[in-house]
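Asks: Let me give you the structure first, and then I'll get to my questions.
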Amino acid sequence: MPYESKLIEEKWQRAWADAKVAEVDVAAPGDKFYMLNMFPYPSGDLHVGHGRNYILGDALYRYFRMQGRAALNPMGWDAFGLPAENAAIKRGIHPRQWTLSNIEREKKQFLRWGILYDWSKELASCDPEYYRWNQWLFLKLYERGLAYRAKAPVNWCPSDQTVLANEQVIDGRCERCSTIVVQRDLEQWFLKITDYADRLDEGLDTLEHWPEKVKLMQRNWIGRSVGADVEFAVPSLGKTLRIFTTRPDTIYGATFMVLAPEHPDVAALIADNPERAEIEQWIAGVRNQSNLERQEAGKEGRFTGKTATNPFTHEEIPIWLGNFVLMQYGTGAIMAVPGHDQRDFEFAKQYGLPIRMVVAPVTREVPNVDNLTEAFVVKDEFAMAIDSGVISGMPTPRAIERIIEEIERLVIGRKMVRYRLRDWLISRQRYWGTPIPMIFCDRDGIVPVPEEQLPVELPLDVPFTGREGNPLAKDERFVNTTCPRCQGPARRETDTMDTFVDSSWYYARFISAKDGTKIFDSALANRWLPVDQYIGGIEHAILHLLYARFICRTLHDMGLLDYEEPFTRLFNQGMITKEGYRDAELGTWVSIADVEWVDGKPVHKGTGKALIAETSKMSKSHFNVVPPDELIEKYGADTERVYTLFIAPPEKEAEWSDDAVNGASRFLNRVWHMGEQVLALDGRSSSDREAVAERVAAVLVGPSRHPLTRKTHQTIDAVTRRFDRFEFNTAISGLMELSNAIGDALASGDTDAGTLRESYTTLLKLLHPFAPHITEELWSMFGNEGFILTSSWPKADPALMVEDVVTIVVQVNGKLRGQVEVPNPPEKDVVLAAIRGNGKVQQWISGKEVVKEVYVPGKLVNIVVKG
RNA sequence: GCGAAAGUGGCGGAAUUGGUAGACGCGCAGGUCUCAGAAGCCUGUGGUCAUUAGACCAUGGGGGUUCGAUUCCCCCCUUUCGCACCA
Numbered sequence: 008m009p010y011e012s013k014l015i016e017e018k019w020q021r022a023w024a025d026a027k028v029a030e031v032d033v034a035a036p037g038d039k040f041y042m043l044n045m046f047p048y049p050s051g052d053l054h055v056g057h058g059r060n061y062i063l064g065d066a067l068y069r070y071f072r073m074q075g076r077a078a079l080n081p082m083g084w085d086a087f088g089l090p091a092e093n094a095a096i097k098r099g100i101h102p103r104q105w106t107l108s109n110i111e112r113e114k115k116q117f118l119r120w121g122i123l124y125d126w127s128k129e130l131a132s133c134d135p136e137y138y139r140w141n142q143w144l145f146l147k148l149y150e151r152g153l154a155y156r157a158k159a160p161v162n163w164c165p166s167d168q169t170v171l172a173n174e175q176v177i178d179g180r181c182e183r184c185s186t187i188v189v190q191r192d193l194e195q196w197f198l199k200i201t202d203y204a205d206r207l208d209e210g211l212d213t214l215e216h217w218p219e220k221v222k223l224m225q226r227n228w229i230g231r232s233v234g235a236d237v238e239f240a241v242p243s244l245g246k247t248l249r250i251f252t253t254r255p256d257t258i259y260g261a262t263f264m265v266l267a268p269e270h271p272d273v274a275a276l277i278a279d280n281p282e283r284a285e286i287e288q289w290i291a292g293v294r295n296q297s298n299l300e301r302q303e304a305g306k307e308g309r310f311t312g313k314t315a316t317n318p319f320t321h322e323e324i325p326i327w328l329g330n331f332v333l334m335q336y337g338t339g340a341i342m343a344v345p346g347h348d349q350r351d352f353e354f355a356k357q358y359g360l361p362i363r364m365v366v367a368p369v370t371r372e373v374p375n376v377d378n379l380t381e382a383f384v385v386k387d388e389f390a391m392a393i394d395s396g397v398i399s400g401m402p403t404p405r406a407i408e409r410i411i412e413e414i415e416r417l418v419i420g421r422k423m424v425r426y427r428l429r430d431w432l433i434s435r436q437r438y439w440g441t442p443i444p445m446i447f448c449d450r451d452g453i454v455p456v457p458e459e460q461l462p463v464e465l466p467l468d469v470p471f472t473g474r475e476g477n478p479l480a481k482d483e484r485f486v487n488t489t490c491p492r493c494q495g496p497a498r499r500e501t502d503t504m505d506t507f508v509d510s511s512w513y514y515a516r517f518i519s520a521k522d523g524t525k526i527f528d529s530a531l532a533n534r535w536l537p538v539d540q541y542i543g544g545i546e547h548a549i550l551h552l553l554y555a556r557f558i559c560r561t562l563h564d565m566g567l568l569d570y571e572e573p574f575t576r577l578f579n580q581g582m583i584t585k586e587g588y589r590d591a592e593l594g595t596w597v598s599i600a601d602v603e604w605v606d607g608k609p610v611h612k613g614t615g616k617a618l619i620a621e622t623s624k625m626s627k628s629h630f631n632v633v634p635p636d637e638l639i640e641k642y643g644a645d646t647e648r649v650y651t652l653f654i655a656p657p658e659k660e661a662e663w664s665d666d667a668v669n670g671a672s673r674f675l676n677r678v679w680h681m682g683e684q685v686l687a688l689d690g691r692s693s694s695d696r697e698a699v700a701e702r703v704a705a706v707l708v709g710p711s712r713h714p715l716t717r718k719t720h721q722t723i724d725a726v727t728r729r730f731d732r733f734e735f736n737t738a739i740s741g742l743m744e745l746s747n748a749i750g751d752a753l754a755s756g757d758t759d760a761g762t763l764r765e766s767y768t769t770l771l772k773l774l775h776p777f778a779p780h781i782t783e784e785l786w787s788m789f790g791n792e793g794f795i796l797t798s799s800w801p802k803a804d805p806a807l808m809v810e811d812v813v814t815i816v817v818q819v820n821g822k823l824r825g826q827v828e829v830p831n832p833p834e835k836d837v838v839l840a841a842i843r844g845n846g847k848v849q850q851w852i853s854g855k856e857v858v859k860e861v862y863v864p865g866k867l868v869n870i871v872v873k874g
C-alpha cells in the first residue's frame, strides 16, 4: 500500500479537531506547561519560513503532551496594524474585512500543517472585546501616572500627512512615497517605561533560560550607566547648569562645557550675544536634521559667549553648543574633558579649545598633550588620576568613588544612575488600532473615558484615502462627544495605540479569553503564568519583549499578577532564506519564471541581462517565497515538518532547498513501508512457538540485549535529551539512524519479530512530534487504541543502552602513556590496532616489550610496557 | 568605533566531561530494475599517494598545554549579527 499523505493527514486533522485534543480546562489540576508562539500579524499567506516557527512549537507541544504535562498551546492574532490600512487604501477593502479573511486563511494553514492549538481560547486584538481591555489598561496606567501626554519630535511625512514609525523611515524617506521625512513637534502619549528601567535591567539576571544574546541586546538598549550629576555655576546668569558624567574623576580636565542645541537655557545664554541671529539659525538647522544627518555633518558647535565655573579647578570655562550633545540623554549638557573623551577631543581640536591630561597610565609616561592624536580613554586599574587634587595618584575606579564623595560633600551634585532607555511613544495617527480612551474638554482639559463607557469603539464606516491623515480625525460622529465631567461638548482623542501595546499582555488574556468582566482572571493567570516556553523570532528581541516585561511589571504592581517576568524560557528560531535573482545593474528583483540559465549563469529571459543570485529572507518582492500548499500537495505536511526541522539547528538561519526536501520524503516513505513489513512479520510469528519462546525468555533472562534493542534505547535517550535542548535536527538524524538499523535488521532476517516490533513502535512514538499524521496512522495500524499523541513518551533503560567498552590504559614504568577505548569483546588484533592507530601511543609501544596483555570484557585493561 | 557569536567535505551540518573527525541528509558516481526514463533499492563518496595492504595530510592561520585537541590557553585573519556621538 503506498503512503497516501493527503488522505492520512486529512483524516487525522479531522480526528484531532473532533476530539478537541488540544483544549485545556484551565481550572483542572495538572502539571501545567504554558507554551506560546508569538501571535502572528495576519498578513495573508504564510510561507514555509513562518511554518518553521509554528512547526517547531507544535513538535514541542506534542513532546510535552506525551511526557504527561498539562500543556496549553493557545493562538491568537496581532490583528491591528498598518498593512491592513494600506490594503484598504490600495484596494478599497475595509481593514477589518481584510484582516478577518487573512485570519481565516492562516487558520486553515495551521490546520494543514497539523498544528494543534487550543482554539477555544482564540483572540484577536482588533476585536472590541479584546481592545476594551487595552483601553482599560491604558486608563489604569494613566491613573498611576504611567501614561502622560507631552510634546515630542516625530517623523512626519508631508505628502501622506501622517506620522511614521521609525521603522517606516528608510534612509530618511517615507517608506511608501519616498518623500523626505521631516521632524515635527507634536503632542503625543507616552508610557513611562523609564520608571522601570532599573527593574527591567535587574530582572534580566533572573532570566536563566533566555538566550544570552537577547539579554545583552536588552541590557544595551536599557543602557544603564553609573556616574554623577554635577552643577556648574554660571556667574553671569546667576544659576547653575547640571551635567551628567560617568567619569567624574576627570573633572579637573573639564576645560569647557557643551550643551545640546535644544537645551532650555540656550536662549538665556545667547540673549546678549552679538552673533545671536547666526547662532539661532544654526540651531534651527541642526534641529531639522535627522540623527543620521547630524552625525554625518561631523562635530559642529557655537560659542555662547558665556562661561561656567569648574567647581574643582575654579577656572572659568567656556560654554559651547554642540550638535553631538543629545537633549534626550542625561541632562542635555556635558562637561567636556577633551583629554579623555574622544568626542570632546575632536571638538576641542576643531575649535582650538584647551586640552588637559588628568589621567595617566600607571606604568608609562604621561602622554604629551601636544602630540596627542586621540583621547586617552582608560578607566581600569592601569590608569590613575594626576594633577587632580585629593584624588591625585588614585587608580581610576577608586578615584571615581572618592570624587563622588567629594562632590556630595560640597553639595554640588550626587551619584547618579542614568539609562539610555526613552519613554515609549504610543500615539499613532492611524485608524486601524485601539482608540486611546481620552477626551479633550475646553473646560476640564484632558479627561479619561470612564471605565463603564469602554470600549471606545472604532467606527467602521470611514473613508480611506490615504492622503488626509488619520480618517478617524475626520469622523465627526466619533470625534464629537460630551465631557464625562461637565457634560459639555468635548472632543475625543483620535490617535490610536501602537500595536505593541496590544501584544504586551495578550499572553495573560488567553487564560480567560472570553471573560467579559475583567482583563483576565488573576487567580487563573497566577496558576498558568508565566509562560513556560515562548517561541518567536529574534526581531522581537528588544521592542516586544521589553514592552511585555514592562507591562507585566505594571500588572504586578496593580496586584493583578504575582509575577514580574512574563516568559520563563525564550527561544528564537532562525529565519528561512532562499535564493532570489536580481538585475545586476538595477538591483531589482526578478521573478523566477523570468530566469534562464546560460553557461550556468542566471540571465533575464526577455532582455538577456545578467542577473545576480542572492539569498535572502522570503518575501513576495524578492520572488523567493515557497508556499506550503504545493509542497503539502506533493509530499504531505509531515515531510515539510521533518524537512523544516532537519534543515539546520533551529536557532540558525537556514536556506531552503527544494532538492533536500526529497530526503525527508524518502525517510517517511521508508518508515511507512517498514511498518507494513513489521506488521506482516508480526502476523506470521505471533502465534507460533518462536513468539512464546521469546516471551518466556524475556521473563527468565530479562529483556533482550539485541543490538537493535540497544540502538533503540540509545535513540530514546538521545532524542529526549535533544528535545530538551532544542536540537531537533540531530534528534531527527538519530531517528533516521534508528530507522536504518531497523531496515538492516529486517533485511538480514536475523532479528525476532518481538524485538523488531518493539523498536519500530518506539520509533513511531519518538517520531510523532515531527511527523504526527503518519505516525498516528501507523500506530493505529498496529492495533493500538487511542491517539499516539496521548500515549506516553518512551523511557530509556540505561541497562539496555550501554555499549560494552573496554578502556585500555598503556603504562610505561607505571606512568600513564596512553589510553584508548575499544568495543567489547576486544580481539587481540583490535586492541593492538587501536593502540597503533591512536595518535602517538604507537611511539611508546614500538621497540618496547609488552609484558602483559589482559582482555576482560567490561573492565579496564592494563598493558604494562617495560621501559 | 563598541559589543556579541561563529569559521569542520561540493552543500546543510554531527562529534556528553579532551578520546577512532566528518554521524544524518542533500548532491555526485557506479550498479540493479526497465524497451527507455522516473521512482525505489544496493554500493561508493574529505584530500594526496598506492594495484592492494596501507601510508601521510586535514576542523580559518600560527603557537602552546597534553599520551591524545574540532574541543582548553595565547596571538592573528575572516564572516555574520546587534548598537551606534548615550557623555
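Heads up: take any position in the first sequence, counting from 1, add 7, and you land on this note's numbering. Ideal placement from N, C-alpha and C gives every residue a C-beta, glycine not left out. Quick caveat, the model's predicted, so the values are computed rather than measured.
Going along the chain, which unbroken runs of the alpha helix (DSSP H) with 4 or more residues stay wholly within the stretch 67-134?
Replies: As far as the stretch 67-134 is concerned, its whole alpha helix (DSSP H) runs of at least 4 residues are 89-98 and 102-119.
Asks: Taking only runs that begin and end inside the stretch 553-635, name each unbroken beta strand (DSSP E) of 3 or more residues, in chain order.
Replies: Listed in chain order, the complete beta strand (DSSP E) runs (minimum 3 residues) inside the stretch 553-635 are 577-580, 583-590, 602-605, 608-611 and 618-624.
Asks: Quick one: grab the DSSP three-state call for Met391.
Replies: What you label residue 391 is simply residue 384 of the first sequence in a count that begins at 1. It is a strand residue.
Asks: What three-state label does DSSP hand Gln460 in the structure shown?
Replies: The residue labelled residue 460 in the question sits at position 453 within the first sequence. The answer is helix: DSSP assigns Gln460 an H, G or I state.
Asks: Determine the closest residue to Asp666 out of His680, Glu658, Lys659 and Glu647, with distance taken between C-alpha atoms.
Replies: Working through the first sequence from its first residue, we reach residue 666 at position 659. When each option's Cα is compared against that of Asp666, the closest is Glu647.
Asks: What's the call for Leu867, buried or exposed, on a 16-neighbour Cβ count within 10 Å?
Replies: Walking along the first sequence from the start, residue 867 turns up at place 860. In this predicted model, Leu867 has a pLDDT of only 43, less than 50, meaning its place in the structure is not dependable; the value taken from the coordinates is given anyway. With fewer than 16 other Cβ atoms within 10 Å, it is exposed.
Asks: Alpha carbon to alpha carbon, how far is Ile739 from Ala600? Give it in angstroms, no decimals.
Replies: Residue numbering aside, residue 600 sits at position 593 when the first sequence is read from its first letter. Residue numbering aside, residue 739 sits at position 732 when the first sequence is read from its first letter. Each residue's alpha carbon lies about 34 Å from the other.
Asks: So what does Ser434 bridge to, in DSSP terms?
Replies: On the first sequence, position 427 is the one that residue 434 refers to. Answer by DSSP bridge pairing, in chain order: Met504.
Asks: Would Leu276 and Lys313 be called neighbours here (beta carbons separated by less than 8 Å)?
Replies: For this step, residue 276 is matched to residue 269 along the first sequence. For this step, residue 313 is matched to residue 306 along the first sequence. Yes, they are a contact pair.
Asks: According to DSSP, is Asn831 helix, strand or coil?
Replies: Residue numbering aside, residue 831 sits at position 824 when the first sequence is read from its first letter. Low confidence applies to Asn831: its pLDDT is 48, below 50, so where it sits in the model is not reliable enough to give any reading.
Asks: Is the distance from the Cβ of Gly346 to the Cβ of Met364 below 8 Å?
Replies: On the first sequence, residue 346 is found 339 positions in, with the first residue counted as 1. On the first sequence, residue 364 is found 357 positions in, with the first residue counted as 1. Contact: yes.
Asks: Counting C-beta neighbours from all protein chains within 10 Å, is the total for Gly152 16 or more, i.e. buried, or is it exposed?
Replies: Reading the first sequence from its first residue, position 145 is the one you call residue 152. Gly152 should be labelled exposed.
Asks: State the start and end residues of the unbroken beta strand (DSSP E) segment that holds Gly790.
Replies: Along the first sequence, one-based indexing puts residue 790 at 783. Careful: Gly790 lies outside any beta strand (DSSP E) and carries neither H nor E.
Asks: Alpha carbons only, please: which of Glu792, Met342, Arg556 and Ser628 is nearest the one belonging to Asp878?
Replies: The structure shown has nothing for residue 878, since the chain only spans 8 to 874.
Asks: Where does Met681 sit, in a helix, a strand or coil, going by DSSP?
Replies: On the first sequence, residue 681 is found 674 positions in, with the first residue counted as 1. Helix.
Asks: Identify whether Asn227 lies in helix, strand or coil by the three-state DSSP scheme.
Replies: For the purposes of this step, residue 227 is taken as residue 220 along the first sequence, with counting starting at 1. If DSSP states are grouped into helix, strand and coil, Asn227 belongs with the helices.
Asks: Work out the CA separation of Tyr767 and Asn869 for me, nearest whole Å.
Replies: Within the first sequence, numbered from 1, the residue matching residue 869 stands at position 862. Within the first sequence, numbered from 1, the residue matching residue 767 stands at position 760. Low confidence applies to Asn869: its pLDDT is 49, below 50, so where it sits in the model is not reliable, and the reading given next is rough at best. When rounded, the distance between both Cα atoms is 40 Å.
Asks: Return the chain-ordered list of same chain residues with a C-beta closer than 6 Å to the C-beta of Ile258, the five sequence neighbours on each side being excluded.
Replies: Counted from its first residue, the first sequence places residue 258 at position 251. Cβ within range, chain order: Phe319.
Asks: Would you kindly check if the distance between the Cβ of Leu771 and the Cβ of Thr758 is under 8 Å?
Replies: Stepping through the first sequence from its first residue, residue 758 is reached at position 751. Stepping through the first sequence from its first residue, residue 771 is reached at position 764. Result no, Cβ atoms of Thr758 and Leu771 do not sit closer than 8 Å.
Asks: Looking at C-alpha atoms only, which residue of Val332, Gln288, Arg283 and Asn317 is the closest neighbour of Gly305?
Replies: Position 298 of the first sequence, counted from the start, is the residue given in the question as residue 305. Nearest option by C-alpha distance: Val332.
Asks: Let me know if Ser877 comes out buried or exposed under the rule of 16 or more other beta-carbons within 10 Å of its beta-carbon.
Replies: Given a span of 8 to 874 for the chain in the structure shown, any question on residue 877 remains unanswerable.
Asks: So, with DSSP's three-state summary, where would you put Asp540?
Replies: The residue labelled residue 540 in the question sits at position 533 within the first sequence. According to the sequence shown, residue 540 is Gln rather than Asp. The answer is strand: DSSP assigns Gln540 an E or B state.
Asks: Distance, Cα to Cα, Ala291 vs Leu248?
Replies: As a first step, residue 291 must be located in the first sequence, where it is residue number 284. As a first step, residue 248 must be located in the first sequence, where it is residue number 241. Those two C-alpha atoms are separated by around 22 Å.
Asks: Indicate the three-state DSSP secondary structure (helix, strand or coil) for Glu219 in the structure shown.
Replies: By 1-based counting over the first sequence, the position of residue 219 is 212. Three-state result, Glu219: helix.
Asks: Output needed for Lys27: all residues of its chain with C-beta closer than 7 Å, excluding positions within five of it in sequence on either side, in chain order.
Replies: Indexing the first sequence from 1 puts residue 27 at position 20. The answer is none, since no qualifying residue turns up.
Asks: Here's a check: name, in chain order, each residue in its chain whose Cβ is nearer than 6 Å to the Cβ of Lys521, leaving out the five neighbours to either side.
Replies: In the first sequence, residue 521 corresponds to position 514, counting from 1. Closer than 6 Å at the Cβ level, and outside the excluded window around Lys521, lies no residue.
Asks: Beta-carbon within less than 7 Å of Ile549's beta-carbon, same chain only, minus the 5 sequence neighbours each way: which residues are those?
Replies: Position 542 of the first sequence, counting from 1, holds the residue named residue 549. These residues qualify, in order along the chain: Met224, Gln225 and Trp228.
Asks: Where Gly619 and Met42 are concerned, what is the direct C-alpha to C-alpha distance, given to the nearest angstrom?
Replies: For this step, residue 619 is matched to residue 612 along the first sequence. For this step, residue 42 is matched to residue 35 along the first sequence. Inspection of the sequence shows that residue 619 is occupied by Ile rather than by Gly. Using only the alpha carbons, I get a separation of about 42 Å.
Asks: So what does DSSP say about Ala34, is it helix, strand or coil?
Replies: As a position in the first sequence, residue 34 is number 27, starting the count at 1. Of the three classes helix, strand and coil, the one that applies to Ala34 here is coil, per DSSP.
Asks: Hey, is Ala738 close to the ligand SAH, as in C-beta under 7 Å from one of its heavy atoms?
Replies: The ligand content of the structure shown is nil, which means the ligand SAH is not present either.
Asks: Do three or more CB pairs link the stretch 48-57 to the stretch 677-684 at distances below 8 Å?
Replies: Output reads no: the stretch 677-684 does not touch the stretch 48-57.
Asks: Helix, strand or coil for Gln195, going by three-state DSSP, please let me know.
Replies: Here residue 195 corresponds to residue number 188 of the first sequence, with the count starting at 1. Gln195 falls in the strand class under three-state DSSP.
Asks: Rounded to whole angstroms, what is the Cα-Cα separation between Ala687 and Leu763?
Replies: In the first sequence, counting from the first residue as 1, residue 687 sits at position 680. In the first sequence, counting from the first residue as 1, residue 763 sits at position 756. Using only the alpha carbons, I get a separation of about 11 Å.
Asks: Checking 8 Å against the spacing of the C-beta atoms, do Pro491 and Val456 come in under that value?
Replies: To locate residue 491, count along the first sequence from 1; it is residue 484. To locate residue 456, count along the first sequence from 1; it is residue 449. Going by C-beta atoms, Pro491 is nearer than 8 Å to Val456.
Asks: Determine the extent of the alpha helix (DSSP H) in which Asp449 is found, giving its start and end residues.
Replies: Translated into the one-based positions of the first sequence, residue 449 becomes position 442. Here Asp449 belongs to no alpha helix (DSSP H), and DSSP marks it neither H nor E.
Asks: Among Leu577, Thr524, Arg673 and Leu807, which has the Cα closest to the Cα of Trp140?
Replies: Position 133 of the first sequence, counted from the start, is the residue given in the question as residue 140. The shortest Cα separation from Trp140 among Leu577, Thr524, Arg673 and Leu807 belongs to Thr524.
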